[in-house]
Amino acid sequence: MIDLAKIKEVVGMMSTNDLSEVSIKQGDEHITIKRGQQAGTIVNHQPVIYNGAPANAGHAPAHTAVTHAGSAAPIPLAPSNAPAPAPAPVAPPAPKGPTIDSPMVGTFYGRPNPDAKAFVTVGQTVSKDAVVCIIEAMKVFNEIKAEKDGVIDAILVKDGQAVEFGQKLFALQ
Numbered sequence: 001m002i003d004l005a006k007i008k009e010v011v012g013m014m015s016t017n018d019l020s021e022v023s024i025k026q027g028d029e030h031i032t033i034k035r036g037q038q039a040g041t042i043v044n045h046q047p048v049i050y051n052g053a054p055a056n057a058g059h060a061p062a063h064t065a066v067t068h069a070g071s072a073a074p075i076p077l078a079p080s081n082a083p084a085p086a087p088a089p090v091a092p093p094a095p096k097g098p099t100i101d102s103p104m105v106g107t108f109y110g111r112p113n114p115d116a117k118a119f120v121t122v123g124q125t126v127s128k129d130a131v132v133c134i135i136e137a138m139k140v141f142n143e144i145k146a147e148k149d150g151v152i153d154a155i156l157v158k159d160g161q162a163v164e165f166g167q168k169l170f171a172l173q
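Here the sequence shown is numbered in this note's numbering, starting from 1 and rising by one per residue.
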């Protein structure tokens, strides 16, 4: 029978190595431990089998390996003292005035070609029929018009950036 001390050790190793599921098979006994999930959550991945230190080890090894069920090669894990991932960049505040939004999903280009001058610059006055950028979608380059009269207050995306439908491209004054 798998004893309570062994289970506590495995739970500690799961926490140290940030694992969400571990399966252990000892003889004809099998146990799966899951953590960090709400009851009733369905997980659509293969279980992870721990191939680590023996039961009498006093602590988890600095580097351990896990093997996905059905896979022969162990996958090394980073040491537990690895730095945390960098926080996501903070989005700039939403413009308060009118904006020119993307009418489609694609890639934003602020100039007709890499060597050309930009369609518009900050502080430039635009009329509603002025071309302000190009959005490439499925190898088709679509000229995007301002559709509003105004002065360009800010360019909200970078050249070559992927944009979504409705994403704000320019802020107007």
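Just so it is clear, CB atoms sit at the ideal spot from N, CA and C, and this is done for glycine as well. Every value quoted in this text rests on a predicted model; they were computed, and no experiment measured them.
Distance between K34 and T125 (C-alpha atoms, nearest Å): As a working mapping, residue 125 is identified with position 125 in the sequence shown. As a working mapping, residue 34 is identified with position 34 in the sequence shown. Approximately 59 Å between the Cα atoms of the pair.
Given A137 as reference, the closest of K128, T32, S23, Y109 once Cα atoms are compared: For the purposes of this step, residue 137 is identified with residue 137 of the sequence shown, where counting begins at 1. Cα-wise, what sits closest to A137 is Y109.
Identity of the residues DSSP links to Q26 by a beta bridge: Here residue 26 refers to the residue found at position 26 of the sequence shown. E29.
Inter-residue Cα distance where the pair is D101 and R111: The sequence position of residue 101 within the sequence shown is 101, counting from 1. The sequence position of residue 111 within the sequence shown is 111, counting from 1. Each residue's alpha carbon lies about 17 Å from the other.
Contact belief for V163 with L172 at Cβ below 8 Å, rounded distance in angstroms: Start at 1 with the first residue of the sequence shown, and residue 163 comes out as number 163. Start at 1 with the first residue of the sequence shown, and residue 172 comes out as number 172. 17 Å between Cβ atoms; not a contact.
Bounding residues of the beta strand (DSSP E) (the contiguous stretch that carries T16): Taking the first residue of the sequence shown as 1, we reach residue 16 at position 16. No beta strand (DSSP E) contains T16, which is instead part of the alpha helix (DSSP H) from 4-16.
Exposure of A5, with buried meaning 16 or more beta-carbon neighbours within 10 Å: In the sequence shown, residue 5 corresponds to position 5, counting from 1. It counts as exposed.
Per-residue burial, A17 [other beta carbons within 10 Å of its own, 16 or more giving buried]: In the sequence shown, residue 17 corresponds to position 17, counting from 1. A small fix is needed here, since residue 17 is Asn in this sequence, not Ala. The residue is buried, with at least 16 neighbouring Cβ atoms inside 10 Å.
Residue interval of the beta strand (DSSP E) (run including V131): Stepping through the sequence shown from its first residue, residue 131 is reached at position 131. Per DSSP, the continuous beta strand (DSSP E) segment holding V131 begins and ends at 131-137.
Same chain, Cβ closer than 6 Å to D129, five either side skipped, listed in chain order: The residue you call residue 129 lines up with position 129 of the sequence shown. K145, listed in sequence order.
Per-residue DSSP class, three states only, for P157: By one-based count along the sequence shown, residue 157 stands at place 157. For the record, residue 157 in the displayed sequence is Val; it is not Pro. DSSP, read as helix, strand or coil, puts V157 in coil.
Simplified DSSP assignment, three categories, for E147: For the purposes of this step, residue 147 is taken as the residue at position 147 of the sequence shown. DSSP places E147 in coil when its eight states are reduced to three.
From T121, E143, V122, residue whose alpha carbon lies closest to that of V131: Along the sequence shown, read from residue 1 onward, the residue named residue 131 stands at position 131. The shortest CA-to-CA distance from V131 to any of T121, E143, V122 is the one to E143.
Sequence-distant residues of the same chain with beta carbon closer than 8 Å to G160, five excluded per side: Here residue 160 refers to the residue found at position 160 when the sequence shown is read from its first residue. Contacts found: T107, F108, Y109.
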